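Numbering (the working numbering), first residue to last: 374 to 979.
Ideal placement from N, C-alpha and C gives every residue a C-beta, glycine not left out.
Fair warning: this is a prediction, and the values are worked out from it, not measured in the lab.
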Amino acid sequence: MSWGTELWDQFDNLEKHTQWGIDILEKYIKFVKERTEIELSYAKQLRNLAKKYQPKKNSKEEEEYRYTACKAFLSTLNEMNDYAGQHEVISENMTSNITVELARYVQELKQERKSYFHDGRKAQQHIEICWKQLESSKRRFERDCKEADRAQQYFEKMDADINVTKADVEKARQQAQMRHQMAEDSKADYSSTLQKFNHEQHEYYHTHIPNIFQKIQEMEERRIVRIGESMKTYAEVDRQVIPIIGKCLDEIVKAAESIDQKNDSQLVIEAYKSGFEPPGDIEFEDYTQPMKRTVSDNSLSNSRGEGKPELKFGGKSKGKLWPFIKKNKPPPPPPASASPSAVPNGPQSPKQQKEPLSHRFNEFMTSKPKIHCFRSLKRGGATPEDFSNLPPEQRRKKLQQKVDELNKEIQKEMDQRDAITKMKDVYLKNPQMGDPASLDHKLTEVSQNIEKLRLEAQKFEAWLAEVEGRLPARSEQARRQSGMFDAQNPATVNSCAQDRESPDGSYTEEQSQEGEGKVLATDFDDEFDEEEPLPAIGTCKALYTFEGQNEGTISVVEGETLYVIEEDKGDGWTRIRRNEDEEGYVPTSYVEVYLDKNAKGAKTYI
374 MSWGTELWDQ FDNLEKHTQW GIDILEKYIK FVKERTEIEL SYAKQLRNLA KKYQPKKNSK
434 EEEEYRYTAC KAFLSTLNEM NDYAGQHEVI SENMTSNITV ELARYVQELK QERKSYFHDG
494 RKAQQHIEIC WKQLESSKRR FERDCKEADR AQQYFEKMDA DINVTKADVE KARQQAQMRH
554 QMAEDSKADY SSTLQKFNHE QHEYYHTHIP NIFQKIQEME ERRIVRIGES MKTYAEVDRQ
614 VIPIIGKCLD EIVKAAESID QKNDSQLVIE AYKSGFEPPG DIEFEDYTQP MKRTVSDNSL
674 SNSRGEGKPE LKFGGKSKGK LWPFIKKNKP PPPPPASASP SAVPNGPQSP KQQKEPLSHR
734 FNEFMTSKPK IHCFRSLKRG GATPEDFSNL PPEQRRKKLQ QKVDELNKEI QKEMDQRDAI
794 TKMKDVYLKN PQMGDPASLD HKLTEVSQNI EKLRLEAQKF EAWLAEVEGR LPARSEQARR
854 QSGMFDAQNP ATVNSCAQDR ESPDGSYTEE QSQEGEGKVL ATDFDDEFDE EEPLPAIGTC
914 KALYTFEGQN EGTISVVEGE TLYVIEEDKG DGWTRIRRNE DEEGYVPTSY VEVYLDKNAK
974 GAKTYI
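Following this line, the structure appears as structure tokens:
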């Protein structure tokens with residue numbers, strides 16, 4: 374059905390209806406625009422939420438993310454960032470594909486509608502002018518006819534009157550003829566005008582208006598189609614990101630499934646394992662004997678008398694009962710004579726008062742002050758350089774971490790030295806670029822820093838080797854030098870560790886009648902299974918000669934070909950092997966690496 378034939382007389386209503394259609398389109402544009410703002414706000418809130426719960430750098434939270442549950446949570450936060458990104462994509466696509474396009478279309482639609490209704494109003498004005506002309510011609514024809522009738526009647530009256538002269542009659546006759554002629558002319562004009570109006574009216578209602586209304590109908594139908602297409606685009610924009618959002622959710626599920634409670638439990642062991650062994654059995658103390666008893670090595674009140682100036686805790690030593698030792702208890706005095714009470718394994722005299730065993734055990738089980746002592750060593754004053762305030766296992770980890778940090782600093786300084794050396798070579802070849810002598814001071818400073826860092830690393834490696842049992846325990850003098858923390862904070866150390874023994878000899882205890890503190894040394898013989906040699910993943914060619922002077926490095930000669938067993942992990946070192954017995958690390962910049970086809974990449978060159 375056509376609006377031109379069915380709605381030929383509804384010009385005003387069509388004008389209102391088309392304006393309503395534009396209003397609907399603008400309302401939909403506003404709706405989509407507000408949806409995009411919601412998506413952006415939601416994405417921003419999601420990103421802020423993920424950022425809020427991200428672990429802070431160089432904080433305790435960062436260490437907690439070693440656990441698989443925390444790693445899964447971190448993966449969830451990262452996926453939430455991607456999830457938020459998809460909502461930003463929705464906002465961007467809706468803005469570009471719907472809001473902007475429809476806004477431009479609305480402007481075009483308004484111009485087109487204005488043009489059509491302008492043509493309709495022109496047609497209306499034209500037909501109204503034609504109607505006015507017809508009415509004017511009709512009234513003139515009517516007036517002329519009436520004038521002609523009056524003139525005819527006047528002529529007939531004059532002609533019948535015998536008193537009127539012939540001249541007057543002739544004048545009246547001429548007047549009547551003139552009026553009749555004017556009436557005929559008006560009639561002809563009215564007839565012509567009427568025909569013209571009928572033609573214009575026919576054109577108006579059967580040609581002009583139908584064409585204009587048909588164009589308006591097509592315009593309105595295009596608007597309806599366009600809003601439908603926009604609604605489809607609205608849904609399609611959402612549908613396009615569903616696979617990616619699904620992947621984000623799948624990754625969250627995958628991260629959740631990767632949580633390994635056994636691994637987390639093992640990490641707890643590694644984080645808090647002290648390295649000490651549980652105390653041995655407590656021997657029976659017979660109070661029925663009247664003689665003085667001498668406590669065995671496994672007694673709670675184990676005294677350190679003659680012949681026992683120092684305890685060793687190697688392997689599963691029965692003498693390692695330091696958690697049970699009562700604080701500030703001096704050792705018993707040596708016997709004055711060879712009386713039965715002084716027999717080494719004889720019973721103790723009943724005159725000496727002894728606390729019940731249950732009191733000692735309860736004291737150990739509720740020994741919270743000892744934990745506070747560990748904390749006070751960490752918080753109060755300066756931490757010992759060799760981390761001797763920590764249990765063996767924790768000390769080993771701290772020393773290993775320190776060694777790794779020093780090695781990284783050494784590598785940075787070496788890279789800086791290499792860069793300065795190369796710059797100096799460039800200056801030597803091209804003096805106009807700079808003075809080579811100006812770099813000597815910087816080069817010397819960097820070399821001194823490298824030497825200091827190497828000495829520092831060797832010191833920590835020695836402590837690490839001692840803890841791991843690769844070297845014998847330190848001498849008394851060396852231990853005292855590295856334990857200056859004890860002298861600086863005597864109150865803290867004596868109150869917390871004087872009755873404590875640790876495998877690395879860092880815990881001191883009063884050993885003599887005068888109360889002099891002697892250091893307890895313990896050798897740990899940790900057994901490590903030999904690792905199987907790593908398989909070769911490629912070969913490499915030495916570009917420069919490198920003299921491996923540090924532990925773990927290997928010397929190479931320029932042009933030499935070796936096997937690669939471990940790629941550069943980002944620290945600037947590549948692990949290579951010359952033969953079954955010779956392997957180590959070399960700077961990645963000194964070699965050209967050729968990996969096997971099944972390795973990660975065909976060739977890397979740095």
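Below 9 Å between beta carbons: does that hold for glycine 925 and tyrosine 958? yes
With 16 other Cβ atoms within 10 Å as the buried cut-off, status of methionine 604: exposed
Check the C-beta distance from lysine 430 over to tyrosine 438 and give it rounded, since I have them as a contact under 8 Å. Actually they are not in contact, since the Cβ atoms of lysine 430 and tyrosine 438 sit about 11 Å apart, beyond 8 Å.
What is the DSSP secondary structure of tryptophan 946, counted as helix, strand or coil? strand
Alpha-carbon to alpha-carbon, glutamate 940 and glutamine 921: Looking at the sequence provided, one finds glycine at residue 921 rather than glutamine. The alpha-carbon atoms of glycine 921 and glutamate 940 are separated by roughly 18 Å.
Can you give me the C-alpha to C-alpha distance between threonine 580 and glutamate 573, rounded to a whole angstrom? 10 Å
Could you tell me the distance, in whole angstroms, from the CA atom of glutamate 824 to the CA atom of isoleucine 949? 25 Å
Please name the residue or residues paired with alanine 915 in a DSSP beta bridge. Val964
Backbone CA spacing between glutamate 557 and alanine 524 [nearest angstrom]: 14 Å
Which whole-angstrom value is the C-beta distance of serine 559 and phenylalanine 514, which I expect to be below 8 Å? 4 Å
Host alpha helix (DSSP H) of threonine 606 (start-end): 582-630
Alpha-carbon spacing of alanine 533 relative to glutamine 547, whole angstroms: 16 Å
Taking only the alpha-carbon atoms, compute the straight-line gap between alanine 423 and proline 908 and give it to the nearest angstrom. 41 Å
How big is the Cα-Cα spacing for phenylalanine 384 and glutamate 501? 15 Å
Inter-residue spacing [alpha-carbon to alpha-carbon] between isoleucine 589 and lysine 406: 28 Å
Inter-stretch contact at 8 Å, needing at least 3 Cβ pairs: the region 409-427 / the region 602-622: no
Are any of the Cβ atoms in chain B nearer than 9 Å to that of proline 804? No chain B appears in this structure, which consists of one protein chain only.
For threonine 441, which residues from the same chain have a beta carbon less than 7 Å from its beta carbon, with the 5 sequence-adjacent residues on both sides left out? Ser631, Ile632, Asp633, Asn636 and Asp637
Nearest-angstrom Cα distance between glutamate 965 and leucine 450? 39 Å
Closest to cysteine 913 by C-alpha separation, out of Gly945, Thr961, Glu953 and Gly943, would be which residue? Thr961
Let me know if leucine 801 comes out buried or exposed under the rule of 16 or more other beta-carbons within 10 Å of its beta-carbon. exposed
Among the candidates Asp954, Glu953 and Gly911, whose CA atom is the shortest distance from the CA of threonine 947? Gly911
Quick one: give me the first and last residue of the alpha helix (DSSP H) that threonine 817 is part of. 813-841
As assigned by DSSP and simplified to three states, the class of threonine 538: coil
In the DSSP assignment, what residue or residues form a beta bridge with leucine 935? Cys913
Residue environment, leucine 983, which counts as buried when at least 16 other CB atoms sit within 10 Å: An answer regarding residue 983 cannot be provided, because it is not within the stretch 374 to 979 covered by the chain.
Quick one: residues in its chain with C-beta nearer than 7 Å to the C-beta of glutamine 773, no 5 flanking neighbours on either side, listed in chain order? Leu837
Euclidean distance between Cα positions of tyrosine 967 and proline 757: 46 Å
Give the DSSP-derived three-state secondary structure of valine 959 in the structure shown. strand
Who are the near neighbours of glutamate 766 in its chain, counting only those whose CB is closer than 8 Å to its CB and skipping five residues on each side? Glu643, Lys646, Ser647 and Gly648
Got a sec, what are the start and stop residues for the alpha helix (DSSP H) glutamate 434 sits in? 433-437
Specify the secondary structure class of valine 641 as computed by DSSP and reduced to three states. helix
Per-residue burial, tyrosine 456 [other beta carbons within 10 Å of its own, 16 or more giving buried]: buried
On the three-state DSSP scale, how would you describe valine 776? helix
Quick check on serine 761: buried or exposed, where buried means 16 or more other Cβ atoms within 10 Å of its Cβ? buried
Check whether the Cβ atoms of glutamate 412 and isoleucine 463 lie closer than 9 Å to each other. yes
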